[in-house]
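Under this note's numbering, the first residue of the sequence shown carries the number -1, and numbering increases by one thereafter. Following: one structure in structure tokens, then a few remarks.
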Amino acid sequence: MKKKAIFLLIIVFFSNLWTHLASSNIYISVTVDNEIITNHDIKKESEYLKVLNPQLSQLNSNKILKLAKNSLINEIIKKKEISKFIDISKENDFVQNYLNNLYLRLNFENEDSFKKELLKNNNYTLNQIKQKIKIELFWNELIYSKYKNQLRIDEKELKNKINN
């Protein structure tokens, strides 16, 4: 009985030590409207951005982390603004179509290979990616609907630019 108690105490001690050591490396980097962004979130976002654009790997790590931090800040702002007009929790077929086009454009054979790459990089889940896509698509739609009356397209000039 004593051996079991000592063994249990050792396990509890090491699990508390491990939790303490692991948590000491994570800190709050930014708060945006009462939402926190940790250094872990920024690192995760930077890996995601590298999956989306492999050329980012050529930048130094500080620039990539800065881009990731700005990306997360923008995402929070967009999500809060979109939520005023749209229920973003609903499923949307357009999001799945966009995701399919995304992984094909990134030269992944299928959704599973894209998932494997995300897992390999300790990155977001596919559902989290869908949520990010949904926010971006709804944001684009919101901006378009808000400013479409101010948009002027000169078709002749556009055709000339395309031809040249």
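Every residue gets a Cβ at the ideal spot worked out from N, C-alpha and C, and that includes glycine.
With 16 other CB atoms within 10 Å as the buried threshold, where does residue i fall?
i	result
residue 145	exposed
residue 238	Residue numbering for the chain in the displayed model covers -1 to 162; residue 238 lies beyond these limits and cannot be assessed.
residue 111	exposed
residue 15	Residue placement at residue 15 cannot be trusted, given a pLDDT of 49 that sits under 50; what the coordinates show is reported in the next sentence. Exposed.
residue 62	buried
residue 152	exposed
residue 107	exposed
residue 136	buried
residue 117	exposed
residue 127	buried
How would you write the range of the alpha helix (DSSP H) that residue i sits in, first residue to last?
i	result
residue 27	Premise fails: residue 27 lies in the beta strand (DSSP E), 26 to 30, not in any alpha helix (DSSP H).
residue 109	109 to 118
residue 45	37 to 50
residue 73	59 to 81
Give me the residue from the options with the minimum Cα distance to residue i.
i	options	result
residue 24	32, 31, 30, 36	36
residue 121	105, 156, 39	39
residue 86	117, 113, 131, 56	131
Rounded to whole angstroms, what's the CA-CA distance from residue i to residue j? Just pull it up for me.
i	j	result
residue 33	residue 94	27 Å
residue 150	residue 141	15 Å
residue 102	residue 133	20 Å
residue 58	residue 46	16 Å
residue 53	residue 66	14 Å
residue 119	residue 156	41 Å
residue 100	residue 51	11 Å
residue 138	residue 96	13 Å
Would you check if the distance between the CB atom of residue i and the CB atom of residue j is smaller than 8 Å?
i	j	result
residue 43	residue 69	yes
residue 80	residue 30	no
residue 64	residue 55	no
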